[in-house]
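>
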Amino acid sequence: MPEPFLVVDHLYRSFGSVKAVNDVSLTVQAGQIYGLVGPDGAGKTTTLRLICGAFKPDNGSVMIGGYSLDHQAEQARETIGYLSQQFSLYEDLTVLENIRFLAEVRGLSSEDWLPCARENLAFVGLDAFENRLAGKLSGGMKQKLGLACALVNRPRLLLLDEPTTGVDPVTRQDFWQLVIRLAGEQGMAVLVCTPYMDEASRCSHIGFMRSGRIIQDGSPSHLRKMLDDRILELAGGPMNVLLESSHFDTDVQDVQRFGDRLHLRVLPGKAQDVKRRLSKRIHSAGGSIEKIEIIPPLLEDVFIDLAGEGMSMNDAGYGEKP
Amino acid sequence: MKQRLFSLIRKEFIQIVRDPRTLILTLIYPVVMLFLLGYAITNDVRNIPLAVLDRDRSGQSRALLDAYRASDYFKLEYYITSEDEMNYLIESNQARAAVIIPPNYGREIVAGRVGQIAFIIDGSDPNVSGTALTAAIMVGQSQSTKIVAQRTMRETQTQMPVDVRTQVWYNPGMITAYYMIPALIGMILQFLTTFLTSTSIVRERERGTIEQLIVTPIRSWELVAGKMVPYVLIAFFDMIEILVAGVLLFDVPINGSLMLLLVLSCLFLVTTLGIGLLISTVANTQQEAMLTTMFTLLPSIFLSGFMFPLAAMPTFLQAVSYLIPLRYFLIITRGIVLKGTGADVLLPEILALCFFAIVVMAATAVRFKKQLD
Numbered sequence: 001m002p003e004p005f006l007v008v009d010h011l012y013r014s015f016g017s018v019k020a021v022n023d024v025s026l027t028v029q030a031g032q033i034y035g036l037v038g039p040d041g042a043g044k045t046t047t048l049r050l051i052c053g054a055f056k057p058d059n060g061s062v063m064i065g066g067y068s069l070d071h072q073a074e075q076a077r078e079t080i081g082y083l084s085q086q087f088s089l090y091e092d093l094t095v096l097e098n099i100r101f102l103a104e105v106r107g108l109s110s111e112d113w114l115p116c117a118r119e120n121l122a123f124v125g126l127d128a129f130e131n132r133l134a135g136k137l138s139g140g141m142k143q144k145l146g147l148a149c150a151l152v153n154r155p156r157l158l159l160l161d162e163p164t165t166g167v168d169p170v171t172r173q174d175f176w177q178l179v180i181r182l183a184g185e186q187g188m189a190v191l192v193c194t195p196y197m198d199e200a201s202r203c204s205h206i207g208f209m210r211s212g213r214i215i216q217d218g219s220p221s222h223l224r225k226m227l228d229d230r231i232l233e234l235a236g237g238p239m240n241v242l243l244e245s246s247h248f249d250t251d252v253q254d255v256q257r258f259g260d261r262l263h264l265r266v267l268p269g270k271a272q273d274v275k276r277r278l279s280k281r282i283h284s285a286g287g288s289i290e291k292i293e294i295i296p297p298l299l300e301d302v303f304i305d306l307a308g309e310g311m312s313m314n315d316a317g318y319g320e321k322p
Numbered sequence: 001m002k003q004r005l006f007s008l009i010r011k012e013f014i015q016i017v018r019d020p021r022t023l024i025l026t027l028i029y030p031v032v033m034l035f036l037l038g039y040a041i042t043n044d045v046r047n048i049p050l051a052v053l054d055r056d057r058s059g060q061s062r063a064l065l066d067a068y069r070a071s072d073y074f075k076l077e078y079y080i081t082s083e084d085e086m087n088y089l090i091e092s093n094q095a096r097a098a099v100i101i102p103p104n105y106g107r108e109i110v111a112g113r114v115g116q117i118a119f120i121i122d123g124s125d126p127n128v129s130g131t132a133l134t135a136a137i138m139v140g141q142s143q144s145t146k147i148v149a150q151r152t153m154r155e156t157q158t159q160m161p162v163d164v165r166t167q168v169w170y171n172p173g174m175i176t177a178y179y180m181i182p183a184l185i186g187m188i189l190q191f192l193t194t195f196l197t198s199t200s201i202v203r204e205r206e207r208g209t210i211e212q213l214i215v216t217p218i219r220s221w222e223l224v225a226g227k228m229v230p231y232v233l234i235a236f237f238d239m240i241e242i243l244v245a246g247v248l249l250f251d252v253p254i255n256g257s258l259m260l261l262l263v264l265s266c267l268f269l270v271t272t273l274g275i276g277l278l279i280s281t282v283a284n285t286q287q288e289a290m291l292t293t294m295f296t297l298l299p300s301i302f303l304s305g306f307m308f309p310l311a312a313m314p315t316f317l318q319a320v321s322y323l324i325p326l327r328y329f330l331i332i333t334r335g336i337v338l339k340g341t342g343a344d345v346l347l348p349e350i351l352a353l354c355f356f357a358i359v360v361m362a363a364t365a366v367r368f369k370k371q372l373d
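Each protein sequence line maps, in turn, to chains A and B. If you're matching positions, the first sequence starts at 1 in the UniProt record's numbering and goes up one per residue. If you're matching positions, the second sequence starts at 1 in the UniProt record's numbering and goes up one per residue.
#1: So which residues of chain A does residue 211(B) contact, with C-beta pairs closer than 7 Å?
#2: Under 8 Å between beta-carbons, which chain A residues line up against residue 11(B)? List them in chain order, please.
#3: Among residues of its own chain, excluding the 5 on either side of residue 91(A), which ones have a beta-carbon nearer than 6 Å to its beta-carbon?
#4: Applying a beta-carbon distance threshold of less than 8 Å, which residues of chain A neighbour residue 216(B)?
#5: How big is the Cα-Cα spacing for residue 342(B) and residue 19(B)?
#6: Do residue 19(A) and residue 209(A) have their CB atoms nearer than 7 Å?
#7: Would you list the one or two residues that DSSP bridges to residue 94(A)?
#8: Would you list the residues sitting across from residue 291(A) in a DSSP beta bridge?
#9: Quick check: is the beta carbon of residue 18(B) nearer than 7 Å to any beta carbon in chain A?
#10: I need the straight-line Cα distance from residue 276(B) to residue 353(B), nearest angstrom please.
#11: Just the C-alpha distance for residue 143(A) and residue 197(B), rounded to the nearest angstrom, thanks.
#12: Kindly identify the DSSP beta-bridge partner or partners of residue 216(A).
#13: Please report how far the alpha carbon of residue 57(A) lies from the alpha carbon of residue 177(A), in whole angstroms.
#14: Rounded to whole angstroms, what is the Cα-Cα separation between residue 283(B) and residue 207(B)?
#15: Closest to residue 33(B) by CA distance: which of 233(B), 360(B), 185(B) and 289(B) is it?
#16: Enumerate in chain order the residues of its own chain whose CB-to-CB distance from residue 302(B) is below 7 Å, with the five nearest sequence positions on each side excluded.
#17: Are residue 76(A) and residue 82(A) touching if we call contact CB-CB under 7 Å?
#18: Can you tell me the Cα-Cα spacing of residue 313(B) and residue 324(B), whole angstroms?
#19: Which value, in whole angstroms, describes the spacing of the CA atoms of residue 164(A) and residue 175(A)?
#20: May I ask you to verify whether the segment 228 to 244 of chain B touches the segment 325 to 334 of chain B, counting CB pairs closer than 8 Å and requiring at least 3?
#21: Measuring alpha carbon to alpha carbon, tell me which residue in 261(A), 5(A), 30(A) and 303(A) is nearest residue 181(A).
#22: What does DSSP give as the partner residue(s) for residue 189(A) in the beta ladder?
#23: Enumerated in chain order, which unbroken segments of the alpha helix (DSSP H) with a length of 4 residues or greater are wholly contained in the segment 85 to 163 of chain B?
#24: Can you pull the DSSP bridge partners for residue 52(B)?
#25: Given that a residue counts as buried once 16 or more other Cβ atoms are within 10 Å of its Cβ, and exposed if not, what is residue 266(B)?
#26: When you check each C-beta in the segment 261 to 295 of chain B against every C-beta of chain A, which residues fall closer than 7 Å?
#27: Hey, is residue 220(B)'s beta-carbon within less than 7 Å of any beta-carbon in chain A?
#28: Out of 73(B), 70(B) and 97(B), point me to the one whose CA is closest to residue 80(B)'s CA.
#29: Using DSSP's beta-bridge definition, name the partner residues of residue 67(A).
#30: Does the contact criterion of 3 or more C-beta pairs under 8 Å hold for the segment 24 to 40 of chain A versus the segment 121 to 133 of chain A?
#31: Which of helix, strand or coil does DSSP assign to residue 49(A)?
#32: Using a C-beta cutoff of 7 Å, does residue 74(A) count as contacting chain B?
#33: Alpha carbon to alpha carbon, how far is residue 146(A) from residue 224(A)? Give it in angstroms, no decimals.
#34: State buried or exposed for residue 240(A), treating a residue as buried only when at least 16 other CB atoms are found within 10 Å of its CB.
#35: By alpha-carbon positions, which one of 125(A), 155(A), 95(A) and 3(A) ends up nearest to residue 107(A)?
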């Protein structure tokens, strides 16, 4: 394995009595897309801001491409492209002026920036709007401009903070295609925060954050394996009978509705028992079953499991009174 | 590094140009202030409206009134016949002073005795009443001298025992504009630079653009310098504007070295820009920054000798005035423009400004970090 491009080592950061980031370590290889997922307030954005240097950590270190963010900030930052959650470009500058400014302050010479800018605008599909004021772009176009600006100096590490929040599904799809191409073709290391499970499933590695810690990490398939043989899909009617019967069973840990069907998380090794018992109970209660089967778990099932675990673990820093 | 700075400056200029209202305000502001302070605010009191109640109507009373009229201090606007009328005129602000000449004034003078007159002054405006009081007494005295000379019939040989010959240097016409315009340079430089820089960094913070700036390799000092340069240029342009307008509209003589004035203005700018930056490191919103700037500006106006002479203030306030950089810069601009003073004489003020520049910049450097929080 080559040396990881980004090495985050035991980061801590508190705001007052709230431990926003509480001992976070992670590594991202070149060409890897690392997804940082978790509920709101888990510390994803703060972690990203610590990595790009917008916040100073209370403790811990960040190495980017072999440079220490603390001691060689300038060199380290030249390799970063950062897209923040809120639009952070100048609304009173045009698309091209924004790109030019960020390209030049990141060290691209005044001859080189224009071809790079045009290339990236074409890449994100904004080439027709280069003279429009950034403030006059739609939400999705703003995010694409943010990406073009982040990419203009060919960064080797791309930091994306909830890049598609508030963006329509088609644009989201486009956006991810671009990111996947960047990682695959150019070997860019990508670290992305997202609250969306479908986006998380596109990542090559996922870290699940809760209360300032990464409580579980691994590839999507690895994470899904944790719940192998523990998810039952149940369809039938009437819904209230299905729900009541499921909740009644002590081996069922959690019931989630997915449209017209239910996902039941059961205790390890109990799937067959539950399946048998439930079929009987639902029939005797006057309900009918269309389907009751063990299914391969979705990432969503895993996250609900992890989020619940986090809650019961009562992590330090979450729910603590000052 | 040079390129980063240059890009920042260009970006700042584009933003300034894209906000034409602010730009126009910054450019016409000095001229408006100059007009206000040059024409409207003037201590040169002339043509005080005077009501005349002449109950004597003799040659002597007319001679006295002629003397008042000739002094230019008074405009004999109302000839009245009763004291009620006088009360009304003064109460309604139509007359600011009144003179009452009693019926026997002429007779007393001719008889070689003392002729008494009454002079009533509206004291509500101390500036006007002060001038009126002095003028009333002076005109009366010179009239007395004339009468004494006539009595002794030795007018040509009459000499007053004490002869005061006055010479007013530097501003012989004692024109307020000459005094105000050099000071206005200081006031406007301070106001504009502090105001503009204090909001410019807060604005980046407020709009979230600081987040992107922080992640770039831009260094703190480059960011600070990139923010300063455009406003230094604007402030310099304003300063030239004031000087040119002062010379063309008010005939202000520039007696000293223009070069020295420009160099020392730069020194002063370092301090005022630093104050602006210091405010922007503390303030969280543009509104907060503006209010804080106003808070620093008002003491500067009142305690720098800009309008009110420091010597007339209580000792405590005089002591406070030593903490106001504008105080020193006003001595410099007034000295150079009006007196043609050189750097050797202004050394204490120059040293004081250097001291402020270093302290403010050091404080800013300590406070200002390229960080979100």
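Beta carbons are placed, not taken as given, at the ideal position from N, Cα and C, and that holds for glycine.
Working from what's here:
#1: Position 211 of the second sequence holds residue 211(B). Going along chain A in sequence order, the residues near residue 211(B) (Cβ under 7 Å) are 54, 84 and 88.
#2: Position 11 of the second sequence holds residue 11(B). 90, 93, 97 and 101, listed in chain order.
#3: On the first sequence, position 91 is the one that residue 91(A) refers to. So the list reads 134 and 135, once near-sequence residues are dropped.
#4: Locating residue 216(B) in the second sequence gives position 216, counting from the first residue. The answer, in chain order, is 77, 102, 105 and 106.
#5: Position 342 of the second sequence holds residue 342(B). Position 19 of the second sequence holds residue 19(B). Approximately 40 Å between the Cα atoms of the pair.
#6: In the first sequence, the residue the question calls residue 19(A) occupies position 19. In the first sequence, the residue the question calls residue 209(A) occupies position 209. Contact: no.
#7: Residue numbering aside, residue 94(A) sits at position 94 when the first sequence is read from its first letter. DSSP lists 133(A) as partners of residue 94(A).
#8: Locating residue 291(A) in the first sequence gives position 291, counting from the first residue. According to DSSP, which records beta bridges pairwise, residue 291(A) is partnered with 235(A).
#9: Locating residue 18(B) in the second sequence gives position 18, where the first residue counts as 1. Yes, residue 18(B) lies at the interface with chain A (some Cβ there is under 7 Å from its Cβ).
#10: For the purposes of this step, residue 276(B) is identified with residue 276 of the second sequence, where counting begins at 1. For the purposes of this step, residue 353(B) is identified with residue 353 of the second sequence, where counting begins at 1. Those two C-alpha atoms are separated by around 16 Å.
#11: As a first step, residue 143(A) must be located in the first sequence, where it is residue number 143. As a first step, residue 197(B) must be located in the second sequence, where it is residue number 197. The alpha-carbon atoms of residue 143(A) and residue 197(B) are separated by roughly 30 Å.
#12: Here residue 216(A) refers to the residue found at position 216 when the first sequence is read from its first residue. DSSP output for residue 216(A) lists 208(A) as bridge partner(s).
#13: Residue mapping note: residue 57(A) aligns to position 57 of the first sequence, counting from 1. Residue mapping note: residue 177(A) aligns to position 177 of the first sequence, counting from 1. Taking the straight line from one Cα to the other gives about 33 Å.
#14: The residue labelled residue 283(B) in the question sits at position 283 within the second sequence. The residue labelled residue 207(B) in the question sits at position 207 within the second sequence. So the two alpha carbons sit approximately 14 Å from each other.
#15: To locate residue 33(B), count along the second sequence from 1; it is residue 33. It is 185(B) whose Cα lies nearest to the Cα of residue 33(B).
#16: Counting from 1 along the second sequence, the entry for residue 302(B) is found at position 302. Result list for residue 302(B): 308, in chain order.
#17: For the purposes of this step, residue 76(A) is taken as the residue at position 76 of the first sequence. For the purposes of this step, residue 82(A) is taken as the residue at position 82 of the first sequence. With respect to residue 82(A), residue 76(A) sits apart: the two C-beta atoms are not nearer than 7 Å.
#18: Against the second sequence, residue 313(B) aligns to sequence position 313. Against the second sequence, residue 324(B) aligns to sequence position 324. Computed Cα separation, rounded: 15 Å.
#19: On the first sequence, position 164 is the one that residue 164(A) refers to. On the first sequence, position 175 is the one that residue 175(A) refers to. Near 8 Å, if we compare the C-alpha coordinates of residue 175(A) and residue 164(A).
#20: Contact annotation: the segment 228 to 244 of chain B does not touch the segment 325 to 334 of chain B, with fewer than three C-beta pairs closer than 8 Å.
#21: For the purposes of this step, residue 181(A) is taken as the residue at position 181 of the first sequence. Answer by Cα proximity: 30(A).
#22: As a first step, residue 189(A) is located in the first sequence; it is residue number 189 there, counting from the start. BP columns for residue 189(A) point to 157(A).
#23: For the segment 85 to 163 of chain B, whole alpha helix (DSSP H) runs of length 4 or above, ordered along the chain, are 105 to 110 and 126 to 152.
#24: As a first step, residue 52(B) is located in the second sequence; it is residue number 52 there, counting from the start. According to DSSP, which records beta bridges pairwise, residue 52(B) is partnered with 79(B) and 99(B).
#25: Along the second sequence, one-based indexing puts residue 266(B) at 266. So residue 266(B) counts as exposed.
#26: none
#27: Taking the second sequence and counting its residues from 1, one reaches residue 220(B) at position 220. It does not: the Cβ of residue 220(B) has no partner Cβ on chain A nearer than 7 Å.
#28: In the second sequence, the residue the question calls residue 80(B) occupies position 80. Of 73(B), 70(B) and 97(B), the residue nearest in Cα terms is 97(B).
#29: Here residue 67(A) is taken as the residue at index 67 of the first sequence, counted from 1. 64(A), per the DSSP bridge assignment.
#30: Using a Cβ-Cβ distance cut-off of 8 Å, the segment 24 to 40 of chain A and the segment 121 to 133 of chain A are not in contact, since fewer than three pairs of beta carbons, one from each stretch, lie closer than that value.
#31: Reading the first sequence from its first residue, position 49 is the one you call residue 49(A). Helix, per DSSP.
#32: Taking the first residue of the first sequence as 1, we reach residue 74(A) at position 74. It does; some Cβ of chain B falls within 7 Å.
#33: Mapped onto the first sequence, residue 224(A) falls at position 224. Mapped onto the first sequence, residue 146(A) falls at position 146. About 32 Å.
#34: One-based indexing of the first sequence puts residue 240(A) at position 240. So residue 240(A) counts as exposed.
#35: If you number the first sequence from 1, residue 107(A) lands on position 107. Comparing Cα-Cα distances from residue 107(A) to each of 125(A), 155(A), 95(A) and 3(A), the minimum goes to 155(A).
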